[in-house]
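*Asks:* A single structure is presented below for examination.
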Amino acid sequence: MMAPAITIALVDRAGRDGLTLGAIRSSSLTSQSSRDHVASGSFSVYRTRGYMHHSDAVCLELFSKALVGKEKHPGKLSASLEQSIHLEWEDVFDFVDPFGDRRGCVFRTVWTFDLDDDLLFLKNKDQTCFVSLELARGRVLTLTDFEPLNSPGQLSLEVQNLPEPFWEPKLNPNPRIKSFVGRLLRDLAYTWRHVLRRPMKTVTFMKLAYASVWLSTLDFTIFERTGFEHVYTRGPYVDVVDLPAWEAPEETLVRAGSCWFALTQDTREGLEMVQRHLTSRSENSTTNMRTYVILTLRHITLCRARGSELVWTRSETFFADDSACDTAIDMILWAANTVGTEAEQTAINSFPVEIQDMILLHATTSFIASAKLGCVLGAGSPFLWVDNGLEFELQSNKRHRTECSPIESQVCFGGVMSGLSYKQQSSNRGGFIRLPPPPDLLRANPSRDAR
C-alpha cells in the first residue's frame, strides 16, 4: 500500500497591513500522485495568527531555517516546517486555485511543499516554478534556483464524445423548472468556480455532482433570513479558498427523479457503469426503457436503454467559464423531470394561473420558496427572478439586516449552506442604513443610552 502523501502549501496573501503568510497541511492524496496535483496549480486554505511582511526572498530564508541540515523524511520535514513557521495549521480534503478570477488579486504567491516527491513549487498568477528540496536541505534557496514548469496541468475542457451515431432526443424541459432550477445550476457553477477550474479529488467531485443532482430534482431546503440580525462575523459566503462543506453519499450510480445518474469524471467510464447496470438489471427488470445521465460536471451525456439497445447523445459542456451551459441544463432537467415525475393534480391546479401564484405566495415566506413549491406542485407561472422591477440577486456576502431588509433565501443541502443565497434588490438601494449596536455592546456600556 502506497504511503499517503504529505503536502504543505504556504500562501502569501495581501492584507490591509501587508502580506499575510498562511499555511496548510494535507494528507492522504490517494486519487493521484501529489506531484500531479500540485503541478496542476493546487493549494489550500490557510489560517494565520497575524500579519507578516515578507517578500519571496525572505520567505525562502524562513523556509531554509526549517529545511537546511534535515534528513529526507516527509514526517520529520513536515514537523520541522510546522515548528519553524508560527501559523495555525488545518487539514483539508482538496485544493483550490486562487488565480483565475478577480478574487485572486489578493494573492501574490502560493508555496507548495511536496514532501513525497521532494519538490517545492512556487506559483503566482503568471507562472509555476519548482526546485528540488534536496537543494533546500543543503543551503538557503534563492529565486534563481527555481525552474519554470513547462506544463502546469491546465484543466482540459475538450468534449469527451462517445462513438457515433448519436441519439438526438427532443429536449423540452418544464418551463417552470427550467426558469427556476436553471438559474440555481448556473449560480452553483459560478459560486464554486475556484474549485471547478482545476482537477478535483473524488470527494470534492461527489459533493458538487450530488449538489447538481439535488438541485435538478428539487431535493434541497430553503432557509430564510428575516427581520433584524446583527452579524458578528461578516464576509463572503464562499471565499476563494473554501471547499464544499455538505456531506455527499459515496454511491456513483444513483436513481434521482425519472432517471439514473452515473457520477464520474470520465465519460467513457460512465458508459461502462451504465452498461454494467443494464446487465445486472436485465433479467429481473419489468421496465422496458430507462434514461441515464452521465455527469462528469465538465460534460453531460444522456443515454437511453430500450431492451438490449443502448444509445447516447453527443456530450455537451456543462460547467465551464464560471457558468453552466444552456443545452446541458436542458438535458439534465429534461432527463430528471420527464417520465413518471409529473406532479399530481391538486385543487390548486383548477384555478387560473394568476390565482395559483397568489396561493403559492401566501403559503410560503419568500418568492424563492414560492418558486420551489410551484415546481413541486406543478402550479403557478415560471419564476422570472424579478418582481415590481426589482431583481432577485445572488448574495456573495453575509451582511447585517434591519427589520426592513428584504428576505434572504439560502439554498441548503442536508442543513448545510450551499453558497447560494438570494435577496431582492432594495428599493432604497442607494441609501445608507445605520445599524444600532449589538445588544452585547449596550450591556457592556450601559451609560451609552444615557448620553
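For the sequence shown, the positions run 1 to 451 when the UniProt record's numbering is used.
Using N, Cα and C, we set each Cβ at its ideal position, and we do this for glycine too.
A quick note: this is a predicted structure, and the numbers were derived from the prediction, not measured.
#1: Count the other CB atoms, across all protein chains shown, that sit within 10 Å of the CB of Asp94; report buried if there are 16 or more and exposed otherwise.
#2: If you measure between the beta carbons of Val245 and Leu253, is that distance less than 8 Å?
#3: When the Cα atoms are used, what is the spatial distance from Leu373 to Arg255?
#4: Do residue 475 and Glu229 have their C-beta atoms within less than 8 Å of each other?
#5: Rounded to a whole number of angstroms, what is the C-alpha to C-alpha distance between Gln275 and Arg183?
#6: From the DSSP secondary-structure annotation, give me the bridge partner or partners of Ile300.
#7: For the beta strand (DSSP E) that contains Pro423, what are its first and last residues?
#8: Report, in whole angstroms, the separation of the C-beta atoms of Thr296 and Gln265, which I expect to be a contact under 8 Å.
#9: What is the DSSP secondary structure of Ala349, counted as helix, strand or coil?
#10: Report all residues from its chain with a CB closer than 8 Å to the CB of Arg193; omit the five preceding and five following residues, and keep chain order.
#11: Work out the CA separation of Ala211 and Ser33 for me, nearest whole Å.
#12: Measuring straight from C-alpha to C-alpha, what distance separates Ala80 and Ser418?
#13: How close, in whole Å, do the beta carbons of Gly257 and Asn337 come, if the pair is a contact with beta carbons under 8 Å?
#14: Please report how far the alpha carbon of Phe220 lies from the alpha carbon of Glu88, in whole angstroms.
#15: Measure the Cβ-Cβ separation of Trp334 and Phe166 and say whether it is below 8 Å.
#16: I need the boundaries of the alpha helix (DSSP H) containing Glu272, first residue and last residue.
#17: Taking the beta carbon of Glu251 as the centre, do at least 16 other beta carbons fall within 10 Å, making it buried, or is it exposed?
#18: Quick one: Cα of Lys201 to Cα of Arg176, how far?
#19: Check the C-beta distance from Leu218 over to Phe319 and give it rounded, since I have them as a contact under 8 Å.
#20: Please state if the CB of Leu141 and the CB of Asp118 are separated by a distance shorter than 8 Å.
#21: Decide if the stretch 391-410 is in contact with the stretch 353-361; the criterion is three or more beta carbon pairs, one per stretch, under 8 Å apart.
#22: Buried or exposed: Ala347, going by 16 or more other Cβ atoms within 10 Å of its Cβ?
#23: Do Thr364 and the ligand ZN come close, with the Cβ less than 7 Å from some heavy atom?
#24: Nearest CA to the CA of Ser405: which residue from Tyr422, Ala136, Val416?
#25: Just reading off the beta strand (DSSP E) that Trp260 is part of, what are its end residues?
#26: Give the range of the alpha helix (DSSP H) segment to which Val213 is assigned.
#27: To the nearest angstrom, how far is it from the Cα of Ser84 to the Cα of Phe205?
#28: Check whether the Cβ atoms of Pro74 and Asp126 sit closer than 8 Å, and answer yes or no.
#29: Which two residues bound the contiguous alpha helix (DSSP H) that contains Leu83?
#30: For Trp192, does the three-state DSSP call read helix, strand or coil?
#31: Helix or strand or just coil, what does DSSP make of Trp167?
#32: Just the Cα atoms here: how many angstroms apart are His54 and Thr109?
#33: Alpha carbon to alpha carbon, how far is Ile368 from Phe113? Give it in angstroms, no decimals.
#34: Which of helix, strand or coil does DSSP assign to Val68?
#35: Determine the extent of the alpha helix (DSSP H) in which Cys375 is found, giving its start and end residues.
#36: Express the C-alpha separation of Val231 and Val416 in angstroms, rounding to a whole number.
*Replies:* Let's see:
#1: buried
#2: It should be noted that the sequence gives Ala, not Val, for residue 245. Going by C-beta atoms, Ala245 is not nearer than 8 Å to Leu253.
#3: 22 Å
#4: Only positions 1 to 451 of the chain appear in the structure, and residue 475 is not among them; the question remains open.
#5: 32 Å
#6: Leu295, Glu316
#7: Sequence check: residue 423 is Lys here, not Pro. 416-424 is the span of the beta strand (DSSP E), which, as asked, contains Lys423.
#8: 5 Å
#9: Rather than Ala, the amino acid found at residue 349 in this sequence is Asn. Here Asn349 sits in helix by DSSP.
#10: Gly100, Asp101, Asp322
#11: Confidence at Ser33 is low in this model, with a pLDDT of 39, below 50, so its placement is unreliable and no value can be given for it.
#12: One point to set straight first is that residue 80 is Ser, not Ala, in the sequence displayed. Straight-line Cα distance between these residues: approximately 37 Å.
#13: 6 Å
#14: 34 Å
#15: no
#16: 267-281
#17: exposed
#18: 34 Å
#19: Not confirmed; about 20 Å, so no contact.
#20: no
#21: no
#22: exposed
#23: As for the ligand ZN, it is missing from this structure, which has no ligand bound.
#24: Tyr422
#25: 259-263
#26: 202-216
#27: 34 Å
#28: no
#29: In the sequence as presented, Leu is not what sits at residue 83; that position holds Gln. Gln83 -> alpha helix (DSSP H) spans 74-84.
#30: coil
#31: coil
#32: 11 Å
#33: 45 Å
#34: coil
#35: 367-377
#36: 18 Å
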